[in-house]
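> My questions will all concern the structure given below.
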Amino acid sequence: MFVVFYHGWLIIPSHRDQHDLLSRFIGLGYVSVSFFFMLSGFILAIVYLGSGKPVQPRRFFVSRFARIYPLYIAALLLDLPHFLHTFRSSGATSMHAVGVVTASVALVQAWSPSLTGLNIPGWSLSAEAFFYLCFPLIGPLLAKLRLRTSLVAGLLIYATGAGMVHALHGSGQTYSPLPHLYVFLLGINLATPFRWVMEESERRRALERSAPYLIVVSLAAFLAIPVFQLPISENGLQHGLLAPLFAVVIVALASGNRLIDSLLSPKWLVVLGEASFALYLIHMPIATMLRRPLQHYGTPAFLAYACLVTALSVLSLVYFETPCRLWILAKEKVRSRETQATSVLMQ
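For the sequence shown, our numbering assigns the number 337 to the initial residue and increments by one for each residue that follows.
See below:
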């Protein structure tokens with residue numbers, strides 16, 4: 337929902353020109369993509385690397401394909417009329433349009449800035465597709481590390497990734513998977529210290545007790561950015577600079593703390609969590625369709641838009657996304673290891 341506010345709210349001209357605290361906070365919505373990359377790596381490590389057995393590539397790739405691709409293609413089709421209209425009015429060549437569509441269907445558009453014009457948020461799925469290719473190779477190597485080595489590896493991954501982000505600044509590679517890969521790897525690596533904590537009862541109880549405080553402190557640290565207008569590089573924020581905060585939040589959410597679990601367990605919230613993938617993919621096509629009402633009527637139109645895309649995402653989950661996923665898994669005779677609970681956390 338943070339990304340929905342970021343994109344939809346800023347369509348309204350009066351909101352773009354404001355520099356109050358609310359606008360500064362919503363303007364940081366893009367950091368949630370990096371959080372998702374790290375959470376994705378963490379959950380996949382927990383699900384696929386916990387047993388110590390090698391990842392079964394076919395099972396893994398079919399499960400991931402079934403989870404993301406049907407809805408991803410549907411969202412591309414939803415945005416296609418707007419994309420074609422934009423291309424005709426811009427005077428771009430037909431070959432360029434074909435290239436953008438082909439790259440988007442193949443999930444490789446994030447590798448070139450000129451190929452990301454069709455449902456732009458889909459670039460993150462293009463990056464995820466690359467991460468999935470890396471996971472069966474790199475994931476088991478990170479999972480084998482002992483605790484101290486894993487902590488050192490985490491520091492090296494973070495430092496190397498931050499260095500790459502700095503080196504690529506200004507190169508037009510904002511959407512490229514490479515400067516985002518380290519955040520995904522940090523998520524995988526985070527699973528090792530998390531398991532170490534959870535495997536011993538005293539350490540586990542200590543984490544459970546401290547989890548709410550960890551979340552509050554992390555949220556306060558994040559809010560300090562818009563409240564005090566901290567001079568932090570936008571390029572760094574876009575590419576995982578806040579990964580240490582993300583790690584703390586992820587571990588706290590996964591701690592098993594009863595208060596946190598009770599707050600996140602209402603059925604309506606679980607459904608919204610499962611539907612958030614659809615919400616992320618369809619919110620921009622719907623926003624472009626409603627651009628004029630949003631620009632004309634402002635905040636009331638935005639609130640109606642937010643309710644609309646939320647309702648559509650739930651309907652998509654029930655009547656399209658889930659049936660397609662189950663059909664693909666059944667057809668390929670694959671039983672996904674990604675339970676309902678982990679699917680919710682993934683989103």
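Just so it is clear, CB atoms sit at the ideal spot from N, CA and C, and this is done for glycine as well.
Tell me which same chain residues have a C-beta within less than 8 Å of the C-beta of valine 504, skipping the five on either side of it?
For the purposes of this step, residue 504 is identified with residue 168 of the sequence shown, where counting begins at 1. Note on residue identity: the sequence assigns leucine, not valine, to residue 504. Excluding positions up to five away in sequence, the list reads Ser512, Leu514, Pro515.
> Classify glutamate 570 as buried or exposed, calling it buried when 16 or more other Cβ atoms lie within 10 Å of its own Cβ.
What you label residue 570 is simply residue 234 of the sequence shown in a count that begins at 1. Exposed.
> Under the three-state reduction of DSSP, which class applies to aspartate 415: helix, strand or coil?
Within the sequence shown, the letter at position 79 stands for residue 415. Residue state, collapsed to three classes: helix.
> Could you give the residue range of the alpha helix (DSSP H) that holds leucine 487?
Mapped onto the sequence shown, residue 487 falls at position 151. Looking at the DSSP string, the run of the alpha helix (DSSP H) that includes leucine 487 is 483 to 504.
> Check whether the Cβ atoms of serine 598 and glutamate 544 sit closer than 7 Å, and answer yes or no.
Here residue 598 refers to the residue found at position 262 when the sequence shown is read from its first residue. Here residue 544 refers to the residue found at position 208 when the sequence shown is read from its first residue. Result no, Cβ atoms of serine 598 and glutamate 544 do not sit closer than 7 Å.
> Using C-beta distances below 7 Å, list every residue in its chain close to glycine 365, excluding the 5 sequence neighbours before and after it, in chain order.
Position 29 of the sequence shown, counted from the first residue, corresponds to residue 365. So the list reads Phe338, Val339, Phe341, Tyr342, once near-sequence residues are dropped.
> Between the stretch 597 to 616 and the stretch 647 to 663, are three or more C-beta pairs nearer than 8 Å?
Verdict: yes, contact present.
> Mapping DSSP to helix, strand and coil, what is alanine 444?
Here residue 444 corresponds to residue number 108 of the sequence shown, with the count starting at 1. For the record, residue 444 in the displayed sequence is valine; it is not alanine. Coil at valine 444, not helix or strand.
> Looking only at C-alpha atoms, which of Leu483, His575, His432, Leu559 sits nearest to threonine 496?
Within the sequence shown, the letter at position 160 stands for residue 496. When only C-alpha atoms are compared, the closest one is His575.
> Keeping to the same chain, check which residues put their C-beta closer than 7 Å to that of valine 367; ignore five residues upstream and five downstream.
One-based indexing of the sequence shown puts residue 367 at position 31. Correct list, in chain order: Leu573, Leu578.
> Less than 8 Å between the CB atoms is what I'm expecting for glycine 523 and phenylalanine 373, so what's the real figure, rounded?
As a working note, residue 523 is residue 187 in the sequence shown. As a working note, residue 373 is residue 37 in the sequence shown. About 7 Å separates the two Cβ atoms, so the contact holds.
> For the alpha helix (DSSP H) containing serine 612, list its first residue and its last residue.
Translated into the one-based positions of the sequence shown, residue 612 becomes position 276. Element bounds for serine 612: 603 to 625.
> Express the C-alpha separation of proline 621 and alanine 411 in angstroms, rounding to a whole number.
As a position in the sequence shown, residue 411 is number 75, starting the count at 1. As a position in the sequence shown, residue 621 is number 285, starting the count at 1. Distance between the alpha carbons of alanine 411 and proline 621: 7 Å.
> By the three-class DSSP mapping on this structure, what secondary structure does proline 629 have?
In the sequence shown, the residue the question calls residue 629 occupies position 293. Reduced to three states, the DSSP call for proline 629 is helix.
> Do you know offhand how far isoleucine 348's Cα is from cysteine 470's?
The residue given as residue 348 occupies position 12 in the sequence shown. The residue given as residue 470 occupies position 134 in the sequence shown. When rounded, the distance between both Cα atoms is 39 Å.
> Helix, strand or coil for phenylalanine 558? Go by DSSP, reduced to three states.
Indexing the sequence shown from 1 puts residue 558 at position 222. Three-state DSSP puts phenylalanine 558 in a helix.
> Mapping DSSP to helix, strand and coil, what is valine 670?
In the sequence shown, residue 670 corresponds to position 334, counting from 1. If DSSP states are grouped into helix, strand and coil, valine 670 belongs with coil.
> My guess is that leucine 617 and threonine 646 are in contact by the Cβ rule of under 8 Å, so how many angstroms apart are they, rounded?
Here residue 617 is taken as the residue at index 281 of the sequence shown, counted from 1. Here residue 646 is taken as the residue at index 310 of the sequence shown, counted from 1. With a Cβ gap of about 13 Å, leucine 617 and threonine 646 do not count as contacting.
> Based on Cα-Cα distance, which residue from Val437, Ile404, Ile561, Lys389 lies nearest to proline 417?
The count along the sequence shown starts at 1 and reaches residue 417 at position 81. Nearest C-alpha to proline 417: Val437.
> Looking at leucine 526: is its Cβ nearer than 7 Å to the Cβ of alanine 583?
In the sequence shown, residue 526 corresponds to position 190, counting from 1. In the sequence shown, residue 583 corresponds to position 247, counting from 1. Yes.
> What residues in its chain sit with their C-beta under 8 Å from that of glutamine 676, if we drop five residues either side in the sequence?
Working through the sequence shown from its first residue, we reach residue 676 at position 340. Legend: pLDDT at glutamine 676 = 44, less than 50; position of this residue unreliable, value from coordinates given subsequently. Result list for glutamine 676: Glu610, in chain order.
> Does the beta-carbon of aspartate 356 have 16 or more other beta-carbons within 10 angstroms, so that it is buried, or is it exposed?
The residue you call residue 356 lines up with position 20 of the sequence shown. With fewer than 16 other Cβ atoms within 10 Å, it is exposed.
> Could you spell out the range, first to last residue, of the alpha helix (DSSP H) harbouring alanine 588?
Walking along the sequence shown from the start, residue 588 turns up at place 252. Counting along the chain, the alpha helix (DSSP H) containing alanine 588 begins and ends at 579 to 589.
> Roughly how many angstroms lie between the CA atoms of proline 406 and serine 440, to the nearest whole one?
Counting from one through the sequence shown, the residue named residue 406 turns up at place 70. Counting from one through the sequence shown, the residue named residue 440 turns up at place 104. Taking the straight line from one Cα to the other gives about 13 Å.
> Distance, Cα to Cα, alanine 479 vs glycine 388?
Here the question's residue 479 lines up with position 143 in the sequence shown. Here the question's residue 388 lines up with position 52 in the sequence shown. The alpha-carbon atoms of alanine 479 and glycine 388 are separated by roughly 8 Å.
> Would you tell me roughly how many angstroms separate the C-alpha atoms of arginine 662 and glycine 506, rounded to the nearest one?
The residue labelled residue 662 in the question sits at position 326 within the sequence shown. The residue labelled residue 506 in the question sits at position 170 within the sequence shown. It is worth fixing the name first, because residue 662 is leucine in this sequence and not arginine. The alpha-carbon atoms of leucine 662 and glycine 506 are separated by roughly 43 Å.
> Between leucine 385 and the ligand PLP, is the CB less than 6 Å from at least one heavy atom?
Looking for the ligand PLP in the displayed structure turns up nothing, as the structure carries no ligands at all.
> Could you check which residue in Lys667, Phe613, Lys669 has the C-alpha nearest to that of valine 369?
For the purposes of this step, residue 369 is taken as the residue at position 33 of the sequence shown. When only C-alpha atoms are compared, the closest one is Phe613.
> What's the gap between the Cα of histidine 351 and the Cα of serine 359?
Looking up residue 351 in the sequence shown gives position 15. Looking up residue 359 in the sequence shown gives position 23. Cα to Cα, histidine 351 sits roughly 7 Å from serine 359.
> For valine 367, does the three-state DSSP call read helix, strand or coil?
To locate residue 367, count along the sequence shown from 1; it is residue 31. Helix.
> Looking only at its chain, what residues have a beta carbon closer than 8 Å to the beta carbon of threonine 678, apart from the 5 residues adjacent to it on each side?
Taking the first residue of the sequence shown as 1, we reach residue 678 at position 342. For threonine 678, the pLDDT reaches just 48, beneath the cut-off of 50, and the residue's location in the model is therefore unreliable, leaving the point undetermined.
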